[in-house]
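Quick notes on the structure that follows.
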Amino acid sequence: MRHIAIIGSGPAGYYTAEAAQKRWGDEVRVDIFDRLPVPFGLIRSGVAPDHQSIKAVSRRYEKVALADNVRFVGNVAVGKQVSIPELQALYDAVVLATGAPQDRPMGVPGDDLANVFGSAGFVGWYNGHPQFATLAPDLSGTTAAVIGMGNVALDVARILAKTPAEFAGSDIVGHALEALADSNIERILILGRRGPHQIAMTPKELGELGELSRATPVVLPEDLPPPEADALLEPGLRKSVAHLRHFASTPEEERAGKSVRIEFVFFVQTLALHGDGRVQEIEVERTRLTEGGRCEGTGETLRLPVELVVSAIGYRTSPIPGVPYDERAGHFANEDGRISAPSDVGGLYCVGWARRGPTGTIGTNRPDGYAVVERIAEDLESAGQFAEKQGRAGFDALAAERGLDVVTFRDWKKIEEAEERAAREGSPREKFVDVEAMIKARQ
Ligand SMILES: Cc1cc2nc3c(=O)[nH]c(=O)nc-3n(C[C@H](O)[C@H](O)[C@H](O)COP(=O)(O)OP(=O)(O)OC[C@H]3O[C@@H](n4cnc5c(N)ncnc54)[C@H](O)[C@@H]3O)c2cc1C
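So for the sequence shown, my numbering puts the first residue at 34; every next one is plus one.
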């Protein structure tokens with residue numbers, strides 16, 4: 034029997050479990066740990082609440098979760114309530130699938146002012162992540178700045194721009210829906226250091242900005258490269274740039290009646306945020322592209338009035354005591370998913386965002402999960418006769434001894450049912466936004 038502990042129940046964790054099931058069938062037992070009592074990582078707390086079809090991928094993970102050889106071990110923070118060496122003593126392999134939940138810091142003066150948030154916090158707020166449910170962003174100002182030119186920036190801008198009616202069918206949490214309904218924001222700036230050809234926004238998500246009921250995307254024609262230059266772009270990016278061209282060519286009279294403008298501000302880098310306790314201005318420097326496609330400051334600076342700032346400039350994995358960490362890259366130090374821990378008992382791996390950083394789509398984590406299982410299989414085989422470890426039974430004894438309140442997959446299904454019962458009209462669920470309420474709901 035092989036015993037595998039996977040830490041993190043997001044896409045990377047579940048694809049790894051699926052791969053282990055396929056590889057070893059009834060010869061494996063997999064425990065998937067999560068610090069939250071609810072599974073699925075960013076599928077629940079990252080993917081936008083108005084993108085329900087994307088969230089449906091969790092049904093696939095549920096199939097994996099319901100098999101006898103896989104268990105969900107929720108409400109257990111690894112590195113705090115149980116250590117990595119303790120798990121290594123019990124399981125043949127320990128796979129860190131903990132994602133990258135920390136915002137990359139902006140690192141500019143004023144980034145600690147009130148009403149300045151990283152996207153992990155802001156997205157967690159509207160998606161009901163218990164850590165961020167009480168964030169309470171102030172939406173009483175008229176201008177918001179979203180820093181970054183990727184899909185997360187697009188999500189944040191779109192959520193800020195939508196009317197309450199446009200959230201029909203979504204599972205945006207009640208506190209966010211109410212706050213957004215009272216929002217005064219009428220100008221959303223999306224700021225990027227480089228130009229239209231350097232965006233990391235996918236066509237479908239970008240196209241959505243053109244279909245909002247009260248908001249209109251604005252691109253300055255002079256920011257766009259000559260149209261013939263688009264021919265050199267890879268097809269996805271070319272489609273995204275076509276959307277930007279369309280936004281740039283929209284006549285002003287077509288924008289009449291739209292009360293919210295989403296303005297793309299290319300070629301600026303943030304120098305500082307200013308305000309008296311609370312953010313009031315963003316100071317940026319104009320940039321230009323060098324021959325090599327990098328950007329450099331021009332020395333020309335400007336200040337834009339803003340009352341809310343959300344930076345969507347990337348994420349970092351949270352370090353775990355004793356696990357080697359690549360500070361520069363912001364994820365666990367690893368070679369193809371293998372982690373060489375100083376203790377060197379072996380059998381420690383990482384996968385998904387915790388292995389490669391915050392890139393790719395949900396599906397990118399699938400080959401990652403299958404590859405790490407191949408590494409584990411190679412290592413177990415090359416070790417020859419491996420020690421029969423205690424696996425689940427050993428962990429259950431440890432959990433009992435330590436008084437851990439483990440949430441099972443069956444408990445989660447009860448929490449899920451309670452969320453579905455509490456749903457407002459037309460919504461799939463009303464999420465619990467604090468851990469205590471989640472745990473209570475399983476009874
Ligand atoms: C705002 C946002 C929107 C996105 N939208 C899309 C989209 O529309 N389409 C798409 O394809 N991709 C999207 N993505 C990307 C997608 O969410 C990621 O590719 C994917 O979630 C990464 O999977 P993961 O398993 O590595 O990490 P995660 O999904 O982050 O899962 C990590 C899990 O580990 C748990 N954990 C962390 N630390 C510990 C610990 N110490 N002990 C126990 N458990 C722990 C966490 O609670 C979490 O459940 C989006 C990402 C973000 C941030």
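Note that the Cβ used here is the ideal one computed from N, Cα and C, for glycine as well.
Runs of the alpha helix (DSSP H) lying entirely within the stretch 341-401, each at least 4 residues long, are 386-389 in chain order. In this structure the stretch 434-454 touches the stretch 67-78; the number of beta carbon pairs closer than 8 Å is three or more. Runs of the alpha helix (DSSP H) lying entirely within the stretch 105-190, each at least 4 residues long, are 117-123, 152-160 in chain order. Gly290 carries a coil assignment under DSSP once its states are collapsed to helix, strand and coil.
Secondary structure remark: continuous alpha helix (DSSP H) runs of at least 4 residues inside the stretch 252-288, in chain order: 268-282, 285-288.
Note on geometry: alpha-carbon atoms of Leu381 and Pro118 lie some 10 Å from one another. Non-local C-beta neighbours of Glu329 in its own chain, meaning closer than 6 Å and more than five positions away in sequence, comprise Thr323, ordered along the chain. Taking 7 Å as the cut-off, one finds at least one heavy atom of ligand 1 near enough to the beta carbon of Arg68. Residue state for Pro250 is assigned as strand, using DSSP reduced to three classes. Annotation: Gly330 is outside any alpha helix (DSSP H); the continuous beta strand (DSSP E) that includes it extends over 328-338. The bridge partners DSSP lists for Glu316 are Ala305, Arg336. Around the beta-carbon of Ile87, fewer than 16 other beta-carbon atoms lie within 10 Å, marking it exposed. Annotation for Gln85: Gly202, Ser203, Asp204, Pro461 place their beta carbon closer than 8 Å to its own, counting only its chain and skipping 5 residues before and after. The three-state reading of DSSP puts Ala100 in coil, since its state is none of H, G, I, E or B. Cβ atoms of Gly363 and Val405 stay farther apart than 8 Å, at about 19 Å.
In the three-state reduction of the DSSP assignment, Ala214 falls in the helix class. In this structure, Ala305 and Val141 form a Cβ contact; the two beta carbons are roughly 5 Å apart against a cut-off of 8 Å.
In this structure, Val251 places its C-beta atom within 8 Å of the C-beta atom of Arg294. Distances taken from the Cβ of Pro134 to the heavy atoms of ligand 1 include one shorter than 7 Å. The shortest C-alpha to C-alpha distance from Gly181 to any of Gln313, Leu222, Arg399, Glu458 is the one to Leu222. In the structure shown, Leu413 falls within a helical segment according to DSSP collapsed to helix, strand and coil.
Residue environment: Ser273 is assigned as buried (16 or more neighbouring CB atoms within 10 Å of its CB, all protein chains considered). Remark: C-beta atoms of Pro170 and Leu341 approach each other more closely than 8 Å.
Put simply, of Glu241, Leu257, Ser246 the residue whose alpha carbon is nearest the alpha carbon of Gly228 is Leu257. Only residues of its own chain outside the window of five on either side were considered, and among them His36, Arg62, Asp64, Arg104 have a CB closer than 8 Å to the CB of Arg425, listed in chain order. About 6 Å separates the beta carbons of Glu463 and Arg457, which is inside the 8 Å limit, making them a contact pair.
Residue pairing by DSSP places Ala456 in no beta bridge whatsoever. Counting only the Cα atoms, Leu242 lies some 11 Å from Phe297. The stretch 382-400 makes contact with the stretch 122-137, as at least three CB pairs between them are under 8 Å. In this chain, the alpha helix (DSSP H) harbouring Ile76 covers 75-78. Beyond the five residues adjoining it in sequence on each side, Gly107 comes within less than 6 Å, by CB distance, of Asp67, Pro70, Val440 in the same chain, given in chain order.
Counting along the chain, the unbroken alpha helix (DSSP H) around Leu239 starts and ends at 236-241. In this structure, the alpha-carbon of Ala52 lies about 20 Å from that of Ala89. Distances from the CA of Gly174 to each of Asp429, Glu434, Ile472, Arg220 were compared; the closest alpha carbon is that of Arg220.
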